[in-house]
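Q: Residue 216 is where the sequence shown starts when you use this note's numbering, and the numbers rise one by one after that.
Every residue, glycine too, gets a C-beta built ideally from N, C-alpha and C.
Since the structure is predicted, the reported quantities are computational estimates derived from the model, not experimental observations.
I am attaching a structure below and will ask some questions about it afterwards.
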Amino acid sequence: MAKLKKFSAYRNLERPYTRISKFRKKSFIRSTPPSKIARFESGDVNKKFEYKVNLMSKEALQIRHNAIEAGRQTCNRLLEKMLGKNGYFFKIRIYPHHILRENPLAAGAGADRMSTGMKKSFGKAIGSAAQVKIGQVLATVSLDKQGIKVGKEALKKMGHKMPCSCRIEAVEA
216 MAKLKKFSAY RNLERPYTRI SKFRKKSFIR STPPSKIARF ESGDVNKKFE
266 YKVNLMSKEA LQIRHNAIEA GRQTCNRLLE KMLGKNGYFF KIRIYPHHIL
316 RENPLAAGAG ADRMSTGMKK SFGKAIGSAA QVKIGQVLAT VSLDKQGIKV
366 GKEALKKMGH KMPCSCRIEA VEA
C-alpha cells in the first residue's frame with residue numbers, strides 16, 4: 216500500500232519552484248490530483264446566527280488537504296450530534312490551491328532501470344495543500360448563544376487535526 220510521505224518536508228511556506236520551458240505548453244503541471252475535501256459548507260446555510268466562532272492559525276505553513284478533511288469530519292460530526300442539522304452553519308475558509316510534487320526515487324533490485332535519479336526531477340503531483348498565514352481563519356462556525364461552548368469544543372477537536380497550533384475566537388455576527 217502506498218504511504219503518505221511525512222509532511223515535515225512540505226510544511227514550510229516557500230515560493231514553489233515552477234517549471235520554466237521555452238515552450239509555454241510544457242511550463243505547467245499536467246494534472247492535479249482531486250481534493251479530498253468533500254464539502255466546504257454544512258449545516259443551515261440560510262439561517263442567520265448570533266455568534267461566530269473562528270479557528271485561527273498561530274503559524275505560517277502549508278496544510279495538506281487530507282488534514283483539512285479530517286478536521287472537517289471531526290468538527291462536523293460533533294456539531295451535528297450536539298446541535299442537530301439546523302442548529303449551526305460550518306464553513307471551511309481555506310482552499311488547497313498549492314500542488315505538492317514528489318520525485319519518486321526507487322530503491323532495491325532493478326531500481327537503476329526504473330529511476331532517472333535527479334535528471335528530469337520535476338516530480339509528479341501527489342496532493343494539494345493550502346498556504347496559511349499567521350492569524351488566518353481556517354474555519355468558522357456560526358451558531359446561537361447556547362451553542363458557543365459546543366462550537367468551541369468542535370473547533371478545538373478540529374485544531375488537533377491541523378499541523379499547526381491554533382487559537383479559537385468567538386465574536387458576535
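Based on Cα-Cα distance, which residue from V268, K364, R226 and I341 lies nearest to F304?
A: Nearest of V268, K364, R226 and I341 to F304, Cα basis: V268.
Q: Please state if the CB of L294 and the CB of A369 are separated by a distance shorter than 7 Å.
A: Closer than 7 Å, so yes.
Q: Which of helix, strand or coil does DSSP assign to A321?
A: It is coil, neither helix nor strand.
Q: By Cβ distance, which residues of its chain are closer than 6 Å to R234, with the 5 residues on each side in sequence left out?
A: Only S242 and F337 meet the Cβ criterion.
Q: Determine the DSSP secondary structure at V260, reduced to helix, strand or coil.
A: Correct three-state label for V260: coil.
Q: Sort out for me which residues DSSP pairs Y310 with in a bridge.
A: Y310 is not bridged to any residue.
Q: What does a CB cutoff of less than 8 Å around K367 pick up in its chain, not counting 5 residues either side in sequence?
A: Within the same chain, K367 has close Cβ partners V268, I383 and A385.
Q: If you follow the alpha helix (DSSP H) that T355 is part of, which residue opens it and which one closes it?
A: Where T355 is concerned, there is no enclosing alpha helix (DSSP H), although the beta strand (DSSP E) it sits in stretches over V352 to L358.
Q: Going by DSSP, name the residue or residues bridged to Q277.
A: DSSP output for Q277 lists Q346 as bridge partner(s).
Q: Ordered along the chain, which non-local residues of its own chain (more than five positions away) have a Cβ less than 6 Å from that of A285?
A: Cβ neighbours of A285 beyond the five flanking positions: K376.
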